[in-house]
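Residue numbers (the numbering used here): -17 to 446.
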Amino acid sequence: MRLFPPPFSLHSPVLRTPLCAGSTSPLASGTGARHFSDRPPGRRTRGRYGVRACSGSGTGARHFSDRPPGRRTRGRYGVRARYLDNAATSHPKPEEVYAAMDRFAREEAGNPGRGGHRLAVGAGAVVEDTRRQLARLIGAPDPRRVVLTANCTHALNLALKGFLRPGDEVVTDSISHNSMARPLHALAQRGVKVVFLSPPLPTAPVAPEQVEAAISPATRLLAFTHASNVTGVVQPVAAYGEIARRRGVCLLVDAAQTAGSIPIDVEKERIDMLAFPGHKGLLGPQGTGGLYVSDRVELVPLMEGGTGTRSESLDQPAEYPSRLETGTLNAVGLAGLGAALKFLEQRGVVELHREVLGLRGRLVQGLAGIRGVELFEPPAGVERTAVVSFRIAGLPPGEAEQLLDQAFGIQVRGGLHCAPLAHSVLGTLPEGTVRVSPGMFNTADDIDLLLDAVRRMVAAGRGN
Ligand SMILES: Cc1ncc(COP(=O)(O)O)c(C=O)c1O
C-alpha cells in the first residue's frame, strides 16, 4: 500500500520530458516529471572554491518551486543537480583533481614501479608522493605501511581476512556498513567468533566500558566504525585504542566516513589498522583507498602476484607495501588523490569540516521545524559528521529520494545505505531513512532548496 500520495502522478499525460535514459527507476519511464513552474534559465554559478556544486547528470525535471528565479547552472540535461550525497562519494572534486588526472593520463602514465624508464619511474614517484601525503595526514610514521587499495571495502577485507584465524574472537559494533559486517559474517562461517555491540541508545556511540567488558581471552581484534554512515555519530576510537593497547589486542578502524573530515592520528589514537576510501572525504577519485597497517600487525596477503619487486622469487615479498599491494595500481586515480590531498592540506581538514557542519546545522534546524519529519540525531554533546538521516511520515525513503531527484533536482540517498545492522538498531528496517550528506562544495542555498522541497512534499502528502 502506498501511504504517501505523491504530489503528481508519475504517469500523468502532462509528463513528457524523458528522464534519466537507461535508468531502471520507475520514474525513468520516459514520461518525465510534471512542470510545476517554468523558471527561466539562470546564470551559471561557481560554488565555493571555484567548483560548481552540481553534476552534469541533471534530469529533465524542473523545480516545482515558485521561488524567484535564482542563479542556477545547467547540467547535461538542462537543470542544475544539487548533489547532497557526499557520504556515498564526494562530488564534485576540486578542479586540481581533474587537472592532475588528465595531465597524468596523457603525459605520465607509465606503470609505477614496473621498469626503469622515465615514465615508469615518474609514475612511481607520483604514487609514492600520494602515499607520503596519506601517511602524513593520518600520522603514520612509515609511509611504506600505507597500502594503496581500490576502495575502503578492499582495505577492510585485507585487514579482517589477513588478520583473523579460526578460533579468534573479534569485538565489533552493530552500526557498521556491510563492508565490515559482510566480511565478518563470512569469517564467522569459517570459525571466527564475532561479538556485536549495540550502542546504549540507537543514535549513540558504543561506550568504551562496553568494549572493555566484551573482551575475553580469545579476543584478538576490536573492529570499529569511526562514524556511522547512517546517523553521522562519531565513535570514541581513541578510547577504544587505549583499551586495546592495555588489553593486548589490536584495533581496526573503518574511517570511511571520517578520513578527510575528522583529524586522525593513528599513533596517538593507538589505531593498529585504519581502512579508508580516497573518494569520499579525501576528495579523490573513485577507485582509490588505503589501509594503514602498524608494525604491531602482520597480515597474510589475500592475493599474490606481480609487485615490481623481487621478481626473481615466486614468494610474495614480505615487506610492505608490496606484501599487500599486488598488480598494477590505479595510478591515474592516485595522481588525482595526490592533488586532492594537497587541496585538503592547503584549506585545512578542520576548517573545511567546520564549514560543512555549519550547513548540517542549518539542515537539522530546518528539518526539525517540519511536522511529519522524524530525525535520527546523535545525542547532544556527541561528535558527528555531516551525515543526517530522517524519515517523512507516509513517504518511503526510496520514493523520497526519487521525488527529490526527479522533481527538484536534488540528490540524496534513501534506503538502507548498505548498513542493515545500523537500521536494525535504529528501528528503521526495512525501508531505512533519507540520508543527506552535504560536502564542501555545497552552499546554504542547496540546503534551503532541500528544505523547501521537503516542506512541499510533506504538504502535498497531507493535502491529498
Ligand atoms: C562506514 C563505511 N564503511 C565502508 C564503506 C565502503 O567504502 P567503499 O565504497 O570505498 O568501499 C562505506 C561506504 O559508504 C561506509 O560508509
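Just so you know, even glycine gets a beta-carbon here, dropped at the ideal spot from N, CA and C.
Integer Cβ distance of P378 from E413, believed to fall under 8 Å
Here residue 378 is taken as the residue at index 396 of the sequence shown, counted from 1. Here residue 413 is taken as the residue at index 431 of the sequence shown, counted from 1. Sure, about 5 Å apart at Cβ, within 8 Å.
How should V332 be labelled, buried or exposed, when 16 other C-beta atoms within 10 angstroms of its C-beta is the threshold for buried?
In the sequence shown, the residue the question calls residue 332 occupies position 350. Under this definition V332 is an exposed residue.
S371 versus V212 - alpha carbon distance:
Translated into the one-based positions of the sequence shown, residue 371 becomes position 389. Translated into the one-based positions of the sequence shown, residue 212 becomes position 230. Their backbone Cα atoms lie some 6 Å apart in a straight line.
What span of residues does the alpha helix (DSSP H) with G380 cover, start to end?
Position 398 of the sequence shown, counted from the first residue, corresponds to residue 380. Run containing G380: P379 to F390, per the alpha helix (DSSP H) assignment.
CA-CA distance, L349 and L334?
If you number the sequence shown from 1, residue 349 lands on position 367. If you number the sequence shown from 1, residue 334 lands on position 352. Answer to the nearest angstrom: the Cα atoms are 23 Å apart.
S438 to D427 span [Cα, whole Å]
As a first step, residue 438 must be located in the sequence shown, where it is residue number 456. As a first step, residue 427 must be located in the sequence shown, where it is residue number 445. As written in the sequence, residue 438 is Arg, which differs from the Ser given in the question. Cα to Cα, the separation comes out at about 16 Å.
Considering only heavy atoms of ligand 1, does any lie closer than 7 Å to the CB of Q115?
Translated into positions along the sequence shown, residue 115 becomes position 133. For ligand 1, not one heavy atom lies less than 7 Å from the Cβ of Q115.
Just to check my reading of the structure: V193 and R366 have Cβ atoms closer than 8 Å, yes? What is that Cβ distance to the nearest angstrom?
In the sequence shown, counting from the first residue as 1, residue 193 sits at position 211. In the sequence shown, counting from the first residue as 1, residue 366 sits at position 384. The Cβ separation is near 20 Å, so there is no contact.
Is A257 helix, strand or coil by DSSP?
Counting from one through the sequence shown, the residue named residue 257 turns up at place 275. The answer is strand: DSSP assigns A257 an E or B state.
Are L408 and P402 touching if we call contact CB-CB under 8 Å?
Working through the sequence shown from its first residue, we reach residue 408 at position 426. Working through the sequence shown from its first residue, we reach residue 402 at position 420. At the C-beta level, L408 and P402 stay beyond 8 Å of one another.
Is R438 helix, strand or coil when you go by DSSP?
Along the sequence shown, read from residue 1 onward, the residue named residue 438 stands at position 456. Helix.
If you check the beta carbons only, do A313 and V109 fall under 8 Å apart?
Position 331 of the sequence shown holds residue 313. Position 127 of the sequence shown holds residue 109. Contact flag set, yes.
Are V369 and S406 touching if we call contact CB-CB under 8 Å?
As a first step, residue 369 must be located in the sequence shown, where it is residue number 387. As a first step, residue 406 must be located in the sequence shown, where it is residue number 424. It is not a contact, given that the beta carbons lie outside the stated cut-off.
Mapping the DSSP letters down to three states, classify Y302 as helix, strand or coil.
As a first step, residue 302 must be located in the sequence shown, where it is residue number 320. Y302 falls in the coil class under three-state DSSP.
Would you mind stating whether V79 and A322 have Cβ atoms separated by less than 8 Å?
Looking up residue 79 in the sequence shown gives position 97. Looking up residue 322 in the sequence shown gives position 340. Closer than 8 Å, so yes.
Hey, could you find the ends of the alpha helix (DSSP H) L408 is sitting in?
Position 426 of the sequence shown holds residue 408. Note, L408: alpha helix (DSSP H), P402 to L408.
Tell me the rounded alpha-carbon separation between H399 and H159.
For the purposes of this step, residue 399 is identified with residue 417 of the sequence shown, where counting begins at 1. For the purposes of this step, residue 159 is identified with residue 177 of the sequence shown, where counting begins at 1. About 8 Å.
Given 8 Å as the limit, is there contact between the stretch 151 to 170 and the stretch 132 to 140, that is, 3 or more CB pairs closer than that?
The answer is yes - the stretch 132 to 140 touches the stretch 151 to 170, with three or more Cβ pairs under 8 Å.
Need the endpoints of the alpha helix (DSSP H) that A112 sits in, please.
The residue given as residue 112 occupies position 130 in the sequence shown. A quick correction: the sequence has Thr, not Ala, at residue 112. R100 to I120 is the span of the alpha helix (DSSP H), which, as asked, contains T112.
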